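K.L.:
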Amino acid sequence: MIGDHLQVTLGRAADYAREAGHEYVTLEHLLLALTHDPEAREVLLAVGTDVERLRDDLEELLTGFEVVDGAQPDFTLGVHRVVQGAVLQLHASGKGHEEADGARVLAELLEEEDSPARAALEAQGVTRLDVLAYISHGAAKVAGRERERHTPGVDGVPEAGTAEQNPLEAYATDLTAQARAGEFDPVIGREAELERVIHILARRTKNNPVLVGEPGVGKTALAEGLAQRVAAGQVPDFLHGAAVYALDLGALLAGTRYRGDFEERLKAVLAALDGQNAVLFIDELHTLVGAGATEGGSVDAANLLKPALARGRLRVLGATTPAELRFLEKDRALWRRFQTVDVPEPSEADALAILRGLAPRYAEHHGVTYTAEALEAAVRLSARHLRDRFLPDKAIDVLDEAGAARSSSGKGGAISEPDIEATVARMARVPVGTVKTEEVTSLATLEADLKARVFGQDAAVEAVARAVKLARAGLRDPQKPQGAFLFAGPTGVGKTELARALADRLGVFLARFDMSEYQEAHTVARLIGAPPGYVGFDQGGLLTDAVAKHPQAVLLLDEIEKAHPDVYNLFLQLMDHGTLTDHTGKKVDGRGLILIFTTNAGAADASRPPLGFSRESRAGEEAEAVRRTFSPEFRNRLDGVIHFRPLSREVMASVVDKFVMQLTAQLAERQVQLTVTPAARALLARLGYDPLMGARPLARVMEERVKRPLADELLFGRLQKGGTITVEAQEESFSFR
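Going by the numbering used here, the sequence shown opens with residue 617, and the numbers climb by one from there.
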């Protein structure tokens, strides 16, 4: 938008050009008009311009322009450019609601290259920096022409240094005032850390504690706890009457368009704190390094703080995470002024005590009540299923969300353990049954349920079921995955099917990776992400992303022997410590995984004719083949190497029944009732039996001999509208009636 004064100025410039018979309104006409504009004239005088001399120079310059009779002058592109630039500059700085005036047009005019108008100003020593310094800060080159700054800051808040507002009110929050107003939740179980903070604040030098802990462990709550103690007078004498301020670094940076804006704001805050009995809390302390610095060489916030910290006149309480601490440690001169206070994740017992203290506030907010069992479940289930986050934050979130869900439904009442289970299931993206306490009773049938889907591999099913029960009972090493198995055996005997059945039965995600795609060393980058400097660094790894997205899952790594040995090594830390480290150094929690590797190693030995060898000898050969293929450190981290046996003819009958059941369900969707006679089932088992290939030949026989004829009947024959059909055996073929 263009202000009224500027519109008058543009009209005056056009009048000058028309009266002189000039064909265009140029920057020289505009500058001559600006000498009469109130805002522009104020700036010109402040930067030491002889306005009368400038007018004389411009009028002399304009006498050299060509005169055209009856000219109706148009504005040149240069005039359009500077006016539009003034408007755009306001929008770019977040002040689009303000009107462009003559002062800002004057600043844009000084950006024009090879302009006689600019040359006339520079002849008197006027620079764009001088003009901007006066517009932004009221800084004048002529003594006595300084003015108070009234440039509004964010959302119309006056800048620091004006008479209207104290810089601490503009750029900081008084935590002690909020504590007196009862706005903070009580801080529970952090007495030792609070005492350590107070001891550091009492030091003569280096009296600046920095809280170091993972996100969500309660660093900000500790600062609020300090403010509560100060407000209640429960502090040593040196902190009586003190104020705890939280610095708003975002407000300090917002709208700082010109060099010096940020420095002036921060210095105003430090000056306001100087001599006060105050503590300045800076959350995300690492953001100070580089904050406010520009390409022009202005100093960042860290360097502005160093003198105040060195003198001991400023006490700072910082907070950061271990991962971001390295940014602070790079600036040794800054870091040596601070003393570290570690804030570890609380135990489940401590987290439960915290929840008991906070529950009444959340209950009042949502209009509900929380049972004791609900509080215990919030801690226990969040610790088990939300493993990428930390206590007590994740348990508090579960409590809050459960209350929000109940109050949003308009029901109210008591939040019980089932409500917490449903909330955790939503947050962890797993089926509700996975987190239910009743899951323990359902595990009693796990083994039988798996055997109903995977036939002839009872030893494998029993080993997997034992591992799952051990993990659910809490007797496994909590730092390891729930199980890691190597399924060895010929193709088609149920290795992959058992993994699928286990995922379905537990209600978790099945993440399958075909390891034949990872035969080269460089393919490790596909799993964990490309290292810095390589194509794809900005993208995540397939494996780490899958585990981060589905922390509770069955991870199936098919045909692991085909992968490069470097890929094997990748899984060592996962099996040993339950974590994966991606290309950025971030650790992904894999403690909720069940790892299943499949291999055909030893299958060739198993397929040879017996030649008098016993079953024990054959098993020894298979085990030896696995030892030759996989390194000792890989095998040693497995919970078991499970050898799958070739399917017998008796087992094939059960596999036929399973395939027929699947086909029956498919046809039922088309309103077709299928019957397969015992003779037809026996023929299917005989035609599909191949001890070397497992159940896969049976699937091909079903497709070629049964499904294809049925497809024709469904599409073109008597089953188009549904019906019944019976499959019978006719010697070596099948008939349908």
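The beta carbon of each residue, even a glycine, is placed where N, CA and C say it ideally should be. Given the structure is predicted, the values throughout are model-derived calculations rather than measurements.
Determine the DSSP secondary structure at lysine 1203, reduced to helix, strand or coil.
P.N.:
strand
K.L.:
Could you tell me the distance, in whole angstroms, from the CA atom of glycine 619 to the CA atom of valine 703?
P.N.:
One C-alpha to the other measures close to 10 Å.
K.L.:
Can you tell me where the beta strand (DSSP E) holding glycine 1099 begins and where it ends?
P.N.:
Looking at the DSSP string, the run of the beta strand (DSSP E) that includes glycine 1099 is 1099–1104.
K.L.:
For valine 1109, which residues in the same chain have their Cβ closer than 8 Å to its Cβ, ignoring the five residues on either side in sequence?
P.N.:
Gly1072, Gln1073, Phe1260, Arg1261, Pro1262, Leu1263, Gly1310 and Ala1311
K.L.:
Valine 641: buried (16+ other C-beta within 10 angstroms of its C-beta) or exposed?
P.N.:
buried
K.L.:
Quick check on the DSSP output: what are the complete alpha helix (DSSP H) runs of length 4 or more inside the segment 856–905, in order along the chain?
P.N.:
865–869 and 877–889
K.L.:
Any idea what DSSP makes of aspartate 1007, helix, strand or coil?
P.N.:
Just to set this straight, residue 1007 is leucine in the shown sequence, not aspartate. Looking at leucine 1007 - three-state DSSP - the assignment turns out to be coil, as it is neither helix nor strand.
K.L.:
Taking the beta carbon of phenylalanine 854 as the centre, do at least 16 other beta carbons fall within 10 Å, making it buried, or is it exposed?
P.N.:
exposed
K.L.:
How would you label alanine 662, buried or exposed, when you count the other beta carbons within 10 angstroms and need 16 or more for buried?
P.N.:
buried
K.L.:
Let me know if lysine 1010 comes out buried or exposed under the rule of 16 or more other beta-carbons within 10 Å of its beta-carbon.
P.N.:
It is buried - the Cβ of lysine 1010 has at least 16 other Cβ atoms within 10 Å.
K.L.:
How about valine 1242 and valine 1183: are their beta carbons less than 7 Å apart?
P.N.:
no
K.L.:
Classify leucine 817 as buried or exposed, calling it buried when 16 or more other Cβ atoms lie within 10 Å of its own Cβ.
P.N.:
buried
K.L.:
Determine the direct distance from the alpha carbon of glutamate 668 to that of valine 683, and round the result to whole angstroms.
P.N.:
25 Å
K.L.:
Can you tell me where the alpha helix (DSSP H) with isoleucine 1210 in it begins and where it stops?
P.N.:
Where isoleucine 1210 is concerned, there is no enclosing alpha helix (DSSP H), although the beta strand (DSSP E) around it starts and stops at 1209–1215.
K.L.:
Out of curiosity, what's the CA-to-CA distance linking lysine 1111 and alanine 1315?
P.N.:
16 Å
K.L.:
Determine whether the beta carbon atoms of alanine 1117 and leucine 1059 lie at a separation below 7 Å.
P.N.:
no
K.L.:
Looking only at its own chain, which residues have a Cβ that is under 6 Å from the Cβ of glycine 983, when we skip the five neighbours before and after it?
P.N.:
Ser1023 and Gly1028
K.L.:
Of all the alpha helix (DSSP H) runs that stay within the bounds of the segment 1061–1141, which reach a length of 4 or more residues?
P.N.:
1062–1067, 1074–1088 and 1111–1122
K.L.:
If you drop the 5 nearest sequence neighbours on each side, which residues of the same chain put their C-beta closer than 6 Å to that of serine 731?
P.N.:
Its chain contains Leu643 as the residues whose beta carbon lies nearer than 6 Å to that of serine 731, once the 5 sequence neighbours on both sides are disregarded; these appear in chain order.
K.L.:
Which of the three DSSP states, helix, strand or coil, is assigned to asparagine 919?
P.N.:
helix
K.L.:
Distance check for leucine 784 and alanine 858, CA to CA, integer angstroms please.
P.N.:
14 Å
K.L.:
Quick check: what's the CA-CA separation for aspartate 1161 versus lysine 1203?
P.N.:
Cα-Cα distance, rounded: 11 Å.
K.L.:
With which residues is threonine 821 paired in a DSSP beta bridge?
P.N.:
Per DSSP, none; premise fails for threonine 821.
K.L.:
Taking the straight line between their C-alpha atoms, what separation do you get for arginine 927 and isoleucine 970?
P.N.:
38 Å
K.L.:
Please classify lysine 835: is it buried, with 16 or more other beta-carbons within 10 angstroms of its beta-carbon, or exposed?
P.N.:
Burial call: buried.
K.L.:
In angstroms with no decimal places, state the Cα-to-Cα distance between leucine 827 and alanine 917.
P.N.:
19 Å
K.L.:
Taking all protein chains shown into account, decide if glutamate 1240 is buried (16 or more other Cβ within 10 angstroms of its Cβ) or exposed.
P.N.:
exposed
K.L.:
Output yes or no for whether 7 Å exceeds the beta carbon distance between valine 1257 and leucine 1102.
P.N.:
Taking the C-beta atoms as reference points, leucine 1102 is found nearer than 7 Å to valine 1257.
K.L.:
Does the ligand ATP have even one heavy atom less than 6 Å from the beta-carbon of aspartate 631?
P.N.:
With respect to small molecules bound, the structure shown includes none, and the ligand ATP cannot be examined in it.
K.L.:
Looking only at its chain, what residues have a beta carbon closer than 6 Å to the beta carbon of valine 742, apart from the 5 residues adjacent to it on each side?
P.N.:
Val663 and Thr665
K.L.:
Residues in its own chain within less than 8 Å of leucine 677 by CB, not counting five upstream and five downstream?
P.N.:
Glu644, Pro732 and Ala736
K.L.:
Round the Cβ separation of leucine 609 and tyrosine 986 to the nearest angstrom and send it over; I've been treating them as touching at under 8 Å.
P.N.:
Given that the chain is displayed from residue 617 to residue 1353, the structure contains no residue 609 and the question cannot be resolved.
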